[in-house]
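Q: Residue numbers (the working numbering), protein chains in the order written: chain W, 1 to 500; chain Z, 501 to 796.
The beta carbon of each residue, even a glycine, is placed where N, CA and C say it ideally should be.
Encoded as structure tokens, here's the structure I'll be asking about.
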Amino acid sequence: MNPLIAPPLPFDMKPRARDAVRDLKLQQFVGNATHLKDTQRGGIFGRDFGHDYDELRTVARDTKQYALDHLDELLERFITNAEKSGAKVHAATTGREACEIALNIARAHGAQGRAMSCVKSKSMVTEEIGLLPAFEAAGIKTLETDLGEFILQIDGDAPSHIVTPMIHKDRVATAKSFVRELGARYTEDPTELTMIARAHMRGLYRTADLGVSGANFLLADEGAAVICTNEGNFDLSVGGPPVHIVFVGIEKLIRGACDLAPFLKLLARSGTAQPLTVYTSFVRGPRRVGEHGGPKELHFVLVDAGRVGVLASEKRDLLRCIRCGACLNACPVYRKVGGHSYGSMYAGPIGAVLTPELERAQGNTDAGLANYADLPRASSLCGACYEACPVKIDIPKFLMHDRARLRERGLSPKSEGHMLKLWRWLAERPAMFRFAIRAVRLHARMLGSKDARSGAEHSWIKSAPGPGAGWTQSRDLGIATGESFREWFARRDNKSGGGR
Amino acid sequence: MRIALFTTCLAEALAPRALKATVLVLEHVLEHVLEHEGVTVELPAAQTCCGQPMLSNGLPADAAILARRMCEIFAPYNAVVTPSGSCCSVVREKYEALFARGSADHKAVVALAAKTFELIEFLETQLKIDPATLRGKTPSAAPITCHDACHLRGIHRHGSTAPYLTRACCGDVRELPDAAQCCGFGGMFSTQFPEVSTALGEEKLAHVASTGAATLVASDTGCAAHLAGLAHRKNVALRVISPAEALAESLGLLETGAPNGGNPGAPNGGNPGAPNGGNPGAPNGGNPGAPNGGKP
Ligand code: SF4
Numbered sequence: 001m002n003p004l005i006a007p008p009l010p011f012d013m014k015p016r017a018r019d020a021v022r023d024l025k026l027q028q029f030v031g032n033a034t035h036l037k038d039t040q041r042g043g044i045f046g047r048d049f050g051h052d053y054d055e056l057r058t059v060a061r062d063t064k065q066y067a068l069d070h071l072d073e074l075l076e077r078f079i080t081n082a083e084k085s086g087a088k089v090h091a092a093t094t095g096r097e098a099c100e101i102a103l104n105i106a107r108a109h110g111a112q113g114r115a116m117s118c119v120k121s122k123s124m125v126t127e128e129i130g131l132l133p134a135f136e137a138a139g140i141k142t143l144e145t146d147l148g149e150f151i152l153q154i155d156g157d158a159p160s161h162i163v164t165p166m167i168h169k170d171r172v173a174t175a176k177s178f179v180r181e182l183g184a185r186y187t188e189d190p191t192e193l194t195m196i197a198r199a200h201m202r203g204l205y206r207t208a209d210l211g212v213s214g215a216n217f218l219l220a221d222e223g224a225a226v227i228c229t230n231e232g233n234f235d236l237s238v239g240g241p242p243v244h245i246v247f248v249g250i251e252k253l254i255r256g257a258c259d260l261a262p263f264l265k266l267l268a269r270s271g272t273a274q275p276l277t278v279y280t281s282f283v284r285g286p287r288r289v290g291e292h293g294g295p296k297e298l299h300f301v302l303v304d305a306g307r308v309g310v311l312a313s314e315k316r317d318l319l320r321c322i323r324c325g326a327c328l329n330a331c332p333v334y335r336k337v338g339g340h341s342y343g344s345m346y347a348g349p350i351g352a353v354l355t356p357e358l359e360r361a362q363g364n365t366d367a368g369l370a371n372y373a374d375l376p377r378a379s380s381l382c383g384a385c386y387e388a389c390p391v392k393i394d395i396p397k398f399l400m401h402d403r404a405r406l407r408e409r410g411l412s413p414k415s416e417g418h419m420l421k422l423w424r425w426l427a428e429r430p431a432m433f434r435f436a437i438r439a440v441r442l443h444a445r446m447l448g449s450k451d452a453r454s455g456a457e458h459s460w461i462k463s464a465p466g467p468g469a470g471w472t473q474s475r476d477l478g479i480a481t482g483e484s485f486r487e488w489f490a491r492r493d494n495k496s497g498g499g500r
Numbered sequence: 501m502r503i504a505l506f507t508t509c510l511a512e513a514l515a516p517r518a519l520k521a522t523v524l525v526l527e528h529v530l531e532h533v534l535e536h537e538g539v540t541v542e543l544p545a546a547q548t549c550c551g552q553p554m555l556s557n558g559l560p561a562d563a564a565i566l567a568r569r570m571c572e573i574f575a576p577y578n579a580v581v582t583p584s585g586s587c588c589s590v591v592r593e594k595y596e597a598l599f600a601r602g603s604a605d606h607k608a609v610v611a612l613a614a615k616t617f618e619l620i621e622f623l624e625t626q627l628k629i630d631p632a633t634l635r636g637k638t639p640s641a642a643p644i645t646c647h648d649a650c651h652l653r654g655i656h657r658h659g660s661t662a663p664y665l666t667r668a669c670c671g672d673v674r675e676l677p678d679a680a681q682c683c684g685f686g687g688m689f690s691t692q693f694p695e696v697s698t699a700l701g702e703e704k705l706a707h708v709a710s711t712g713a714a715t716l717v718a719s720d721t722g723c724a725a726h727l728a729g730l731a732h733r734k735n736v737a738l739r740v741i742s743p744a745e746a747l748a749e750s751l752g753l754l755e756t757g758a759p760n761g762g763n764p765g766a767p768n769g770g771n772p773g774a775p776n777g778g779n780p781g782a783p784n785g786g787n788p789g790a791p792n793g794g795k796p
């Protein structure tokens, strides 16, 4: 798998984040795109729902929570109804199992002596389970048909955003890749670029042996999947090849079409500020007698890969996520460090909590967090993600939760922990605490450089030891060294005869 | 009614003027606007830290110890008011999760949460003070702009400072572009990911500069220290004050201070109103070639 999203573990976020902050192009592309999407999201919800927006989010949250609380029942219902419509349903406990299932399906259709080919539409779960490398190893040639994913594929790059995977790249890079990889004429015109990709892909849809996709929702009552795309590539990947496999995380289940409306209203608006994605496709069963399109065989691979474990944990709320990407667009840290800094296909706030949790739920308890110890700390806890989330996942709460687990397991910097413990110890002893504050102020008065700030006398500390070094590497620390607040308050008290 | 000032440890160490301003503004409102006889602002002496640093950095049990202390200390009062948006939100929305529902501690933190307010919020929603009544005798026309602490989101007060100060005529309040984005402080985050924190802070300062305001009103001591510290290091003339100070200055309860930064260490750098006290656009305000300026 691509080391950008599947790095060697334990993963160290800091060097990637540092590089990203210095990468001017990344700052420009990711900064502009996320700000724009975030602003547009606010705009469209305001226009279309006004004050009802919050109510809509509450409905979506509760609907999804209901589904998670009744997952067993819904799974059974989905399987029964999907099979009734002629689809085959497989359950995979691990990512590897999911890949094996797909390989077996492929093998059953493999023509002797000819390499198989596959057309794939966008799916995060296939990234998660490493489907493409598995296909590649088995000699199955896969074409990413989502335009963004296609460009990343020919560049050997990896997605850095769950909705707009090539947010870190621009048209110029695309133009160059198309010249290099497809022998196309150089153009930066988006329409022309799209037409080049289209011409390249069209024929391949027709000859592919296999179609692969993800799904945004699974409808238990209908035994169907709902797929939202903007390019229509899903419909082509399901319409052409004789066999289609839908990979889907089990958390995508909802009761049925009866519950779908709030999610469709929220998904595209949250992700791309569209009222709906251009295509909202429903797949139910293989091609029926008399139909001209559609696969002869339709498979659903229901992927657990840690989700059952998450469901049993305190972090079960995370499974409500509909992968809209709004929290990434709203996140100040994501805007600065970009998706690859998170070392996972799930970047940004949701990635920071989900990646270690999926790891944990799949393997041994400690490894998840130990392998991604930086992720929970890489947040200012500003709450923009929670505010943006259409299903109201309190991501800051889970970040804090993980910080506590890191601390319990000795995976956080020790010096910092000692300092905080000392701080707490002092805070229980008011006289000593005040003395400590006075000592800091005295220290600043003696060692800091002086000038006035806001009328009070300030000293500026320009270099500090220990954890303070992180502060003074780019900032001075202004400490008021004049009369303290308590001195002032007491002085006034005395003046007014202690009557205050 | 007994009103207690919740000082916060960060403000006691870094921003005593914000605390003085809070007391002065509250007293002014009580005496001259509401004409409440005998209601004063009290300072519970035993208060220290609310536990936010422990809570945010993986030590909830330590935070709980301090939360219990907070409940005891503020138990006798009807209202607890603080100039710090962030610590306020910790008491209001984070304490609850530290204790089991139904426990005595849980009841105590819920009671504390119900009477704890950030200053502007307290004025607006509790005392119901129309900001127009807080206009000073000679309203300032100096351009200012406001940055709200992200944690005000949690108590639904994000973005409420600027309108209040505008109507109180605390200056020519300019709209801050991209006001919703975090300034990058984030407590320990600022030292754990200093480059990211700094990049966000610099973006915020660039937006502040684009408004033409020489005074930034920041509704949390941490954000203020972060932004003022960045500005000072870069020798950018910017005065960073709290909403309480903006009100107190406008009402004539505090003298308008000098900008920070500008020209650290210069002979008259500390003299409010001095010609080169960091006046934006002044010849040496932020000139990297100036003798004392530039990046050390
Ligand atoms: S956590 Fe919420 S905002 Fe983020 S991708 Fe998932 S649904 Fe969207």
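Does His536(Z) pass the burial test, meaning 16 or more other C-beta atoms within 10 Å, or should it be called exposed?
A: Taking the first residue of the second sequence as position 1, residue 536(Z) is located at position 36. Exposed, by the Cβ-count rule.
Q: Report yes if the C-beta of Ala273(W) is less than 6 Å from at least one heavy atom of ligand 2; otherwise report no.
A: This structure lacks ligand 2; its bound ligands are ligand 1.
Q: DSSP beta-bridge partners for Glu531(Z)?
A: As a first step, residue 531(Z) is located in the second sequence; it is residue number 31 there, counting from the start. None, per the DSSP bridge assignment.
Q: Could you please give me the residues that DSSP links to Thr645(Z) through a beta bridge?
A: Start at 1 with the first residue of the second sequence, and residue 645(Z) comes out as number 145. DSSP lists Arg674(Z), Leu716(Z) as partners of Thr645(Z).
Q: Among Asn230(W), Ala261(W), Ser474(W), Gly240(W), which has the Cα closest to the Cα of Tyr205(W)?
A: Numbered from its first residue, the first sequence carries residue 205(W) at position 205. With distances taken between Cα atoms, Tyr205(W) lies closest to Gly240(W).
Q: In terms of alpha-carbon separation, which member of Gly686(Z), Lys615(Z), Arg667(Z) lies closest to Ala724(Z)?
A: Here the question's residue 724(Z) lines up with position 224 in the second sequence. Looking at the Cα atoms, Gly686(Z) is the closest of the given residues.
Q: Can you tell me the Cβ-Cβ gap for Phe300(W) and Ala225(W), rounded? I've got them flagged as a contact below 8 Å.
A: Walking along the first sequence from the start, residue 300(W) turns up at place 300. Walking along the first sequence from the start, residue 225(W) turns up at place 225. So it is a contact: roughly 7 Å between Cβ atoms.
Q: Please classify Tyr186(W) as buried or exposed, where buried requires at least 16 other C-beta atoms within 10 Å of its C-beta.
A: Numbered from 1 along the first sequence, position 186 holds the residue referred to as residue 186(W). Exposed, because fewer than 16 other Cβ atoms sit within 10 Å of the Cβ of Tyr186(W).
Q: Buried or exposed, going by whether 16 or more other CB atoms sit within 10 Å of the CB of Asp720(Z)?
A: As a first step, residue 720(Z) must be located in the second sequence, where it is residue number 220. Result: buried.
Q: By DSSP's criteria, Glu144(W) is part of a beta bridge. Which residues make up the other side?
A: Position 144 of the first sequence, counted from the start, is the residue given in the question as residue 144(W). The partner list for Glu144(W) (beta bridge, DSSP) reads Lys120(W).
Q: Given a threshold of 16 other Cβ atoms within 10 Å of its Cβ, counted over all protein chains shown, does Tyr386(W) qualify as buried or as exposed?
A: Here residue 386(W) is taken as the residue at index 386 of the first sequence, counted from 1. Buried, by the Cβ-count rule.
Q: Taking three-plus beta-carbon pairs below 8 Å as touching, is the region 238 to 255 of chain W in contact with the region 20 to 38 of chain W?
A: No, the region 238 to 255 of chain W does not touch the region 20 to 38 of chain W.
Q: State the Cα-Cα distance for the pair Leu526(Z) and Asp476(W), rounded to the nearest angstrom.
A: Numbered from 1 along the second sequence, position 26 holds the residue referred to as residue 526(Z). Numbered from 1 along the first sequence, position 476 holds the residue referred to as residue 476(W). Rounded to whole angstroms, Leu526(Z) to Asp476(W) spans 31 Å at the Cα level.
Q: Need the endpoints of the alpha helix (DSSP H) that Phe49(W) sits in, please.
A: Here residue 49(W) refers to the residue found at position 49 of the first sequence. 24 to 49 is the extent of the alpha helix (DSSP H) around Phe49(W).
Q: Flag this pair as yes or no: are the beta carbons of Ile154(W) and His161(W) separated by less than 7 Å?
A: As a working note, residue 154(W) is residue 154 in the first sequence. As a working note, residue 161(W) is residue 161 in the first sequence. No, these two residues do not count as a Cβ contact at 7 Å.
Q: Examine chain Z for any beta-carbon lying closer than 7 Å to the beta-carbon of Gly470(W), and answer yes or no.
A: Mapped onto the first sequence, residue 470(W) falls at position 470. Taking Cβ atoms only, chain Z reaches closer than 7 Å to Gly470(W), which makes this a yes.
Q: Check the Cβ of Ser380(W) against every Cβ in chain Z and list those closer than 9 Å, keeping chain order.
A: The residue labelled residue 380(W) in the question sits at position 380 within the first sequence. Chain Z residues near Ser380(W): Cys650, Cys682, Cys683, Gly684, Phe685, Gly686, Gly687, Phe689, Ser690, Phe693, Val696, Ser697, Leu700.
Q: Let me know if Pro759(Z) comes out buried or exposed under the rule of 16 or more other beta-carbons within 10 Å of its beta-carbon.
A: On the second sequence, position 259 is the one that residue 759(Z) refers to. Note that Pro759(Z) has pLDDT 48, beneath the 50 cutoff, so the model's placement of it is unreliable and no number is given.
Q: Looking at the unbroken alpha helix (DSSP H) that takes in Thr80(W), where does it start and where does it end?
A: By one-based count along the first sequence, residue 80(W) stands at place 80. From DSSP, the alpha helix (DSSP H) with Thr80(W) extends over 71 to 84.
Q: So if DSSP puts Arg739(Z) in a beta bridge, which residue, or which two residues, is it bridged to?
A: The residue labelled residue 739(Z) in the question sits at position 239 within the second sequence. For Arg739(Z), which the question treats as bridged, DSSP gives the partners Thr715(Z).
Q: Under 7 Å between the Cβ atoms of His707(Z) and Leu676(Z)?
A: On the second sequence, position 207 is the one that residue 707(Z) refers to. On the second sequence, position 176 is the one that residue 676(Z) refers to. Cβ distance < 7 Å, so His707(Z) and Leu676(Z) count as in contact.
Q: Does Ala92(W) come out as helix, strand or coil in the three-state DSSP assignment?
A: Position 92 of the first sequence holds residue 92(W). Note: Ala92(W) maps to strand in three-state DSSP.
Q: For Ile466(Z), name the three-state secondary structure that DSSP assigns.
A: Examination of residue 466(Z) is not possible in this model, given that chain Z is present from 501 through 796 alone.
Q: Helix or strand or just coil, what does DSSP make of Leu311(W)?
A: As a first step, residue 311(W) must be located in the first sequence, where it is residue number 311. Leu311(W) falls in the helix class under three-state DSSP.
Q: Which full runs of the alpha helix (DSSP H) of 4+ residues lie inside the region 548 to 583 of chain Z, going along the chain?
A: Here the runs fully enclosed are 552 to 556, 560 to 574.
Q: Please state if the CB of Leu598(Z) and the CB of Pro560(Z) are separated by a distance shorter than 7 Å.
A: The residue labelled residue 560(Z) in the question sits at position 60 within the second sequence. The residue labelled residue 598(Z) in the question sits at position 98 within the second sequence. Yes. Within cutoff.
Q: Using 10 angstroms around the beta-carbon of Glu416(W), count the other beta-carbons present and answer buried if the total reaches 16, otherwise exposed.
A: As a first step, residue 416(W) is located in the first sequence; it is residue number 416 there, counting from the start. Buried, because 16 or more other Cβ atoms sit within 10 Å of the Cβ of Glu416(W).
Q: Which stretch, first to last residue, makes up the beta strand (DSSP E) that contains Ile162(W)?
A: In the first sequence, residue 162(W) corresponds to position 162, counting from 1. First-last for Ile162(W): undefined, no H or E at that position.
Q: To the nearest whole angstrom, what separates the beta carbons of Ala373(W) and Leu411(W), a pair I think is in contact under 8 Å?
A: Residue numbering aside, residue 373(W) sits at position 373 when the first sequence is read from its first letter. Residue numbering aside, residue 411(W) sits at position 411 when the first sequence is read from its first letter. That belief holds up - the Cβ atoms of Ala373(W) and Leu411(W) are roughly 5 Å apart, short of 8 Å.
Q: Using 7 Å as the limit for Cβ to Cβ distance, is Asn784(Z) near chain W?
A: As a working mapping, residue 784(Z) is identified with position 284 in the second sequence. Summary for Asn784(Z): the model assigns pLDDT 35, below 50, so the residue's position carries little reliability; its value from the coordinates is reported in the next sentence. It does not; no Cβ of chain W falls within 7 Å.
Q: Under 7 Å, CB to CB, which of the residues in the region 317 to 338 of chain W have a partner in chain Z?
A: From the region 317 to 338 of chain W, only Pro332, Val333, Lys336, Val337 have a Cβ closer than 7 Å to chain Z.
Q: Can you give me the C-alpha to C-alpha distance between Ile395(W) and Ala545(Z), rounded to a whole angstrom?
A: The residue labelled residue 395(W) in the question sits at position 395 within the first sequence. The residue labelled residue 545(Z) in the question sits at position 45 within the second sequence. The alpha-carbon atoms of Ile395(W) and Ala545(Z) are separated by roughly 36 Å.
Q: Mind listing which residues of the region 421 to 438 of chain W have their C-beta closer than 7 Å to chain Z's C-betas, in chain order?
A: The residues in question are Lys421, Trp423, Arg424, Ala427, Glu428, Pro430, Phe433, Ile437.
Q: Given that a residue counts as buried once 16 or more other Cβ atoms are within 10 Å of its Cβ, and exposed if not, what is Thr194(W)?
A: One-based indexing of the first sequence puts residue 194(W) at position 194. Exposed, by the Cβ-count rule.
Q: If you measure beta-carbon to beta-carbon, which residues of the region 545 to 556 of chain Z are closer than 8 Å to chain W?
A: The region 545 to 556 of chain Z vs chain W, Cβ under 8 Å: Ala545, Ala546, Gln547, Thr548, Cys549, Gly551, Pro553, Met554, Leu555, Ser556.
Q: Would you say Leu406(W) reaches chain Z, if we count a Cβ-Cβ gap shorter than 7 Å as a contact?
A: To locate residue 406(W), count along the first sequence from 1; it is residue 406. Yes, contact with chain Z.
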